[in-house]
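Below is one structure, written out as structure tokens; the observations come after it.
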Amino acid sequence: MTPKAALVTGATQGLGLALVEGLARRWSAEDTVYLTGRDAGRVAQAVEALPAGGARFRGEVLDVADPHAAARLAGVLAGRHGGVDVVVGNAVMRVGPDDDPRAIVAEYAEVNNFGTTRLLRAFAPLLRDGGRFLVVASSFGTLRHLAPALHDRFAELSSLDEVDKQVAAWRDAVEDGSARGGDWPGFVNIPSKIGQVAAVRALAAGRRDTDLARGILLAAVCPGMMNTPTSALWWDVRDAPSPAQAAAVLLDLVSAPLDPAQYGELVRDGAVLPWR
Numbered sequence: 001m002t003p004k005a006a007l008v009t010g011a012t013q014g015l016g017l018a019l020v021e022g023l024a025r026r027w028s029a030e031d032t033v034y035l036t037g038r039d040a041g042r043v044a045q046a047v048e049a050l051p052a053g054g055a056r057f058r059g060e061v062l063d064v065a066d067p068h069a070a071a072r073l074a075g076v077l078a079g080r081h082g083g084v085d086v087v088v089g090n091a092v093m094r095v096g097p098d099d100d101p102r103a104i105v106a107e108y109a110e111v112n113n114f115g116t117t118r119l120l121r122a123f124a125p126l127l128r129d130g131g132r133f134l135v136v137a138s139s140f141g142t143l144r145h146l147a148p149a150l151h152d153r154f155a156e157l158s159s160l161d162e163v164d165k166q167v168a169a170w171r172d173a174v175e176d177g178s179a180r181g182g183d184w185p186g187f188v189n190i191p192s193k194i195g196q197v198a199a200v201r202a203l204a205a206g207r208r209d210t211d212l213a214r215g216i217l218l219a220a221v222c223p224g225m226m227n228t229p230t231s232a233l234w235w236d237v238r239d240a241p242s243p244a245q246a247a248a249v250l251l252d253l254v255s256a257p258l259d260p261a262q263y264g265e266l267v268r269d270g271a272v273l274p275w276r
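Numbering follows UniProt numbering, in which position 105 of the sequence shown is assigned residue number 105; successive positions increment by one, without gaps.
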């Protein structure tokens, strides 16, 4: 059997780190799980702190805000392994209630949205038969959280370029202040998550038949509320699951038999959340 390879972005802490550790426990010593982040020192520290056993860990620097970084790393992994079996896009820029949307939206979209589409472009072609590509999003990533007047911007996009165009239009409206007088929600997380889910749907639309025939799952996933310092800035999360508990649910989706109903959709706890 060919040794397996997995890649997790945004993996130096929280959910990403828990996904790396949990995936390694489920795999064997011949397999490799790549822990990635944008800071080389933090990547090295995270790898060093992980427990032994299961798959081997390998750290790589990946800043998804760099327009070329995902493609470069995809080339490296293709050379080492010939393909990948699991990709989890978890890189995210965190914001707090006191952050000014106009000041942070450019970097926010660069990481969360354009980082997602770069990852999809670079690594989806490397998926082996039976592979899994999950983009960590949110239940905010459905159209019911967006004003009906804006639904057509994201509803049925057919390419990642089209998704990027709509995200850029939203980013520019926030930056120039026009979003405040329009229908855009004030919470930047909502359009950003909708853009992530729209990206998965757009790519899936062109790959569905081939991927399902090969046993591949491409989906957005909602880990639910977690008890993390960032979430605690917004909500009372004292009773919320830990990142490790949330990761276990996502990893069950990785190891479960392919459910075609989940392909290209936003999935939470194994159930598909309606897009509209």
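Note that CB positions come from ideal geometry on N, CA and C, so glycine has one too. These numbers were taken from a predicted model, which means no experiment stands behind them.
Nearest in C-alpha terms to P223, of all of Q166, T2, L134, V43, is L134. Assignment of beta-bridge partners to G37 by DSSP yields V61.
Under DSSP, the beta-bridge partners assigned to L217 are R132. Remark: fewer than three beta-carbon pairs, one from each stretch, lie closer than 8 Å, so the region 69 to 85 and the region 177 to 188 are not flagged as touching. Of the other Cβ atoms in all chains shown, fewer than 16 fall within 10 Å of the Cβ of K165; this residue is therefore exposed. Within the same chain, Cβ atoms closer than 6 Å to the Cβ of P101 are found at V174, V188, the five residues on either side in sequence being excluded. Listed as beta-bridge partners of A6 by DSSP are V33, V86.
The Cβ atoms of L35 and F57 lie closer than 8 Å to each other. For R118, there is no enclosing beta strand (DSSP E); the enclosing alpha helix (DSSP H) has its first and last residue at 115 to 123. For L273, the enclosing beta strand (DSSP E) stretches over residues 271 to 273.
C-alpha of E110 to C-alpha of A71: approximately 16 Å in a straight line. In the structure shown, R238 adopts coil according to DSSP, grouped into three states. Residue nearest to R26 within the set A6, R153, M93 is A6 (criterion: CA-CA distance). Taken in chain order, the unbroken stretches of alpha helix (DSSP H) that lie wholly in the region 132 to 170 and span 4 residues or more are 151 to 154.
Between the alpha carbons of S138 and G195 lies a gap of roughly 11 Å. Assigned with DSSP and collapsed to three states, R207 falls in helix.
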